[in-house]
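Undergrad: Could you have a look at this structure, given as structure tokens, before my questions?
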Amino acid sequence: MGEFKHETPLLDQLETGPWPSFVSDLKRQAKYRHEHQNDIEYQIPVDCVDDILGVVELSYTDGEVHWKHGGIVGVFGYGGGVIGRYCDQPEMFPNVAHFHTLRVAQPNGKYYTTDYLRKICDLWDFRGSGVMNMHGSTGDIIFLGTRTEQLEEIFYEMTHNLNQDLGGSGSNLRTPSCCLGESRCEWSCFNTQELCYQLTHEYQDELHRPAFPYKFKFKFDGCPNGCVAAIARADLSFVGTWRDEIQIDQEAVKAYIGGEFPPNGGAHAGRDWGPFDIQAEVIDRCPTGCMWMEGDKLKINDEHCNRCMHCINVMPRALKPGKDKGCSILAGAKAPILDGAQMSSMLIPFIKVEEPYDEIKEVIENIWDWWMEEGKNRERLGELMKRQGFQKLLDVTGLKAIPHHVQEPRHNPYIFWREEEVPGGFDRDINEYRKRHKR
Amino acid sequence: MAFVSSGYNPDKPMEDRITDIGNHYYGDFLPPVIKNNFGKWLWHEILEPGVLMHKAESGDEVYTIRCGTPRLASVEYVREICDIADKHCDGYVRWTTRNNVEFMVDSKDKVEPLKKDIESRKYDDGGSYKFPIGGTGAGLTNIIHTQGWIHCHTPATDASGPVKVVLDELFEEFQNMRLPAQLRISLACCLNMCGAVHCSDIAILGYHRKPPMIDDAWLDNLCEIPLAVAACPTAAIKPKKKEIISERTGEKIEVKSVEINEPRCMFCGNCYTMCASLPLADAEGDGIVLMAGGKVSNRITPPEFSKVVVAFIPNETPRWPTLAKTIRQIVEAYSKNAKKYERLGDWATRIGWEKFFEVCDLEFSHHLIDDFRDPAYYTWRQTTNFKFTKNTPTEYSAMKVE
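Protein sequence lines, in the order shown, are assigned to chains A and B.
Heads up: the first sequence begins at 449 in the numbering used here, then just goes up one per residue.
Heads up: the second sequence begins at 660 in the numbering used here, then just goes up one per residue.
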């Protein structure tokens, strides 16, 4: 036997190349555990990282995964946050035979102090495999691999010593996530971190105790650039926008034209695209054609602007979102399972984002009431919207139909007229009709 | 290995129990320069690939160095990040949505020492960087991905491996900003897409190609048959009583199980999620679907779904050479032909997808014509506008299947 418990000739080939090698990292962690087995009272087997390498090497050899479905494991009183995981070759890899995942709700914007991170690392090193994801797809810190008897211990230490709770899993509210927002971005139209934080805390019960038909995600993007992909990934997508005029600094516009400022905040600096051409790169690229030059002044007909962000992205020192900001709310995004992928559809073009967020909570809770009543097992909001129609979403949220809800009006005239909309209703007398029209 | 209690008493689980406290307050974790200028940033500039400067109304500046990470991170790796942050950044650090780590400093003179420190850190064995600097602007940023073979139970491919391979292949694009626009590559190891990849410039998607096997002897013990039946989006599963030989007694017994109408199966694996007795994984059947042309940004054009451009790439462990080569082909064609600011999908739409297949030298097959429900129709061509490409049959006989 070499330095590690299993030979990994296939994985070893992933140690070369410039990109950080997860194999090198796993080996480093395996080695660390070997070296510290006498001074750290490891609570799960010391060689568990060796066995991770072994089980992944086996998958690289036979082309199939070796983890089984989760069992029902968790912490008392919660229905989410822990995902059971067992190896299907427990004799070969006894140290990862039971290897459950915990989701740890991340701080919004994913800023950390090293003090906090080190405590997280110490806890996970001691009571788990020491292998994690920074971060999981939904945003949580993911702890990969521990045994059932450690779950309550980890939860106890997290809540008592780290002021930290678990995230969501299963048919509940998943850990909401946001872009870094106003903390370091001049384009953010609301405080994404604060709204995300407040709603996460408001809906702790929904996050920990599955009562929904399926998963439900909130994501908060500060502007239409969409850095957390809210439109693609969240059942309710909150995307920052503004309802007044783009702010223009004409002196800075001149500086861009004169080549004093690097266009695009330097984002295209790696290739010689020629000198900056405001006509070709900004005005002609504007999807609504609402910009023009008058002498050396840039003019915008804001009435026609759809706030796509292109001009602002190109000239960040000259243009800024307006001052009257808020967000759009779109609904129904999901990945392809089952009925094909969906993006969120526009529900509310503009809503102010102001504490205590009562209007936003009203929208959320109206939608949940409907979905919990009508949604089938494992039916996402977007699928319910497709099944019962956008009109039903408007009914349950008490909102009126506006052209902003559609890309274009319907292609067919098969309107489901409601009885109350048609004068005289649907109740008619066939005998009266026959007096006018013989059989 | 003695058990060490946290203080939790299993006999009295409610004693001192703390629940529903949610995530840690973000405000406690903000570096001073961020906290002081929160909501008061004026503009930013990417000084060089991976290095950003944000300017605040107060005149303050924050310099950010962005580095790729493998997402799958050991505590020792994270501790090393903490060491760097302690040494240079007063003990603060952040992660981006796309698994990059960002080190921030509050003055320009701190940038070079930080960069030098970061760049010097490599793994001893294979020599890969620990924290490659880049991932900004009109280039490739980190690939977001799912678990794959390290932890998931339904994957059709690995995640960390293919990601490493593709980022090795395109490493220069991570460290440069010379593409027409940003390029977002994402990987999901099965159709569940816990990392939703369906709106990416390039999406790498694990896919099964064989219907589930049926573990008749165990199915009724492990699964709720009605749930398994209901899980199928194409109604390919129905209940079926079957006679099998008992593993235990060797006698013929009748069991409740299911039957699968195989031609109807779309290989989504949703039944397996509901019922562990319907496994799909198969070394020959499983592999990768490559999709392209999606985005989530609203810039210039609305968000777009990715489209399937390669129906199947086998799992060629450990380094997936066909996958890496195919992606390079697409990226090179895009880089050479797209106009400034055009995302990959915008470019493909402008030149036409028939041209895209020609320029990228990709084969077209019946698998790439949508036949899944209503949206399929809207992807067929309802116009006489098309471009003649080297693949266009210009005679009827050339259209005939050989």
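Just so it is clear, CB atoms sit at the ideal spot from N, CA and C, and this is done for glycine as well.
Predicted, not measured: the structure shown is a model, and the values here were computed from it.
1) Who are the neighbours of F524(A) on chain B, taking C-beta pairs under 7 Å?
2) Using the beta-carbon count (16 or more within 10 Å), is N880(B) buried or exposed?
3) Could you check how far apart the C-beta atoms of I726(A) and I696(A) are, in whole angstroms? I think they sit under 8 Å.
4) Which two residues bound the contiguous alpha helix (DSSP H) that contains S859(B)?
5) Excluding sequence positions up to five away, which residues of its chain have a Cβ less than 8 Å from the Cβ of V513(A)?
6) Using 10 angstroms around the beta-carbon of W635(A), count the other beta-carbons present and answer buried if the total reaches 16, otherwise exposed.
7) For N581(A), which three-state DSSP category applies?
8) At 7 Å on the CB atoms, spell out the chain A contacts of F964(B), in chain order.
9) Looking at chain B, which residues of the stretch 556-568 of chain A have a Cβ within less than 9 Å of any of its Cβ atoms?
10) For the alpha helix (DSSP H) containing Y480(A), name the first residue and the last one.
11) Counting only the same chain and skipping the five closest in sequence on each side, list residues whose C-beta sits under 6 Å from that of A1007(B).
12) Using a cut-off of 8 Å between C-beta atoms, extract the partners of R978(B) located in chain A.
13) Which residue from R738(B), N974(B), L949(B) and G944(B) puts its Cα closest to that of L1027(B)?
14) Considering only C-alpha positions, which residue in the set D744(A), G718(A), N825(A) and N620(A) is nearest to P708(B)?
15) For Q612(A), would you say it is in contact with chain B, using Cβ-to-Cβ distances shorter than 7 Å as the test?
16) Under DSSP, the beta strand (DSSP E) around P898(B) begins and ends at which residues?
17) For L462(A), which of helix, strand or coil comes out of DSSP?
18) If you check the beta carbons only, do G681(B) and D588(A) fall under 7 Å apart?
19) Give the single residue among V917(B), A992(B), L864(B) and F926(B) whose Cα lies nearest to the Cα of E883(B).
20) In this structure, does DSSP put R828(A) in helix, strand or coil?
21) Sorted by chain position, which residues of the same chain lie with C-beta nearer than 6 Å to P973(B)'s C-beta, five sequence neighbours on each side aside?
22) For the stretch 508-520 of chain A, which residues have a CB atom closer than 9 Å to at least one CB atom of chain B, in sequence order?
23) Please check the pair V801(A) and T845(A), which I expect to be a contact at CB under 8 Å, by giving their CB distance rounded to whole angstroms.
24) For H484(A), go through chain B and note every residue whose CB falls closer than 7 Å to its CB, in chain order.
25) Is it right to say I959(B) is buried, meaning 16 or more other beta carbons lie within 10 angstroms of its own, or is it exposed?
26) Residues of chain A with a CB under 8 Å from the CB of R958(B): which are they?
27) Determine, using beta-carbon pairs with one atom in the stretch 568-583 of chain A and one in the stretch 592-599 of chain A, whether at least three such pairs fall under 8 Å.
28) Compare the C-beta of S472(A) against all C-beta atoms of chain B and say whether one is closer than 7 Å.
29) Quick one, are the C-beta atoms of G837(A) and G780(A) less than 7 Å apart?
30) Buried or exposed: which applies to Y862(A), given that a residue is buried once 16 or more other Cβ atoms fall within 10 Å of its Cβ?
31) Taking C-alpha atoms, which residue in R738(B), G944(B), P1052(B) and S733(B) lies nearest to D563(A)?
32) Kindly indicate which residue of I873(B), G796(B) and C741(B) has the alpha-carbon position closest to the one of P711(A).
33) Would you say V579(A) lies against chain B (beta-carbon separation less than 7 Å)?
34) How big is the Cα-Cα spacing for E921(B) and C891(B)?
35) Do L846(B) and H804(B) have their C-beta atoms closer together than 7 Å?
36) Run through chain D and tell me which residues come within less than 9 Å of C496(A), C-beta to C-beta.
TA: Let me spell this out:
1) Under the 7 Å cutoff, chain B gives P672.
2) exposed
3) Contact doesn't hold; Cβ gap of about 13 Å is too wide.
4) Taken as a continuous stretch (DSSP letters only), S859(B) belongs to no alpha helix (DSSP H), as it is neither H nor E.
5) S507
6) buried
7) strand
8) The answer, in chain order, is A789.
9) For the stretch 556-568 of chain A, which is checked against every Cβ of chain B, the residues closer than 9 Å are N556, G557, K558, Y559, Y560, T561, T562, D563, Y564, L565, R566 and I568.
10) F470 to E483
11) G952 and F1015
12) Q461 and L462
13) Ranked by Cα distance from L1027(B), the first of R738(B), N974(B), L949(B) and G944(B) is L949(B).
14) Each of D744(A), G718(A), N825(A) and N620(A) was checked against the Cα of P708(B), and the nearest Cα belongs to G718(A).
15) yes
16) I896 to I904
17) Of the three classes helix, strand and coil, the one that applies to L462(A) here is coil, per DSSP.
18) no
19) V917(B)
20) coil
21) G946
22) Contacts with chain B (Cβ-Cβ distance below 9 Å) from the stretch 508-520 of chain A involve Y508, T509, D510, G511, E512, V513, H514, W515, K516, H517 and G518, listed in chain order.
23) Between T845(A) and V801(A) the Cβ distance is about 18 Å, and since that is not below 8 Å, they are no contact.
24) Residues of chain B passing the Cβ test: none, with the nearest at roughly 10 Å.
25) buried
26) Correct list: P672, N673, C756, M757, H758 and N761.
27) yes
28) With 7 Å as the cut-off, S472(A) counts as an interface residue toward chain B.
29) no
30) exposed
31) Of the candidates R738(B), G944(B), P1052(B) and S733(B), R738(B) places its Cα closest to the Cα of D563(A).
32) Scanning I873(B), G796(B) and C741(B) for the CA closest to the CA of P711(A) turns up G796(B).
33) yes
34) So the alpha carbons of these two residues sit roughly 12 Å apart.
35) yes
36) The structure shown contains no chain D; the protein chains it does contain are A and B.
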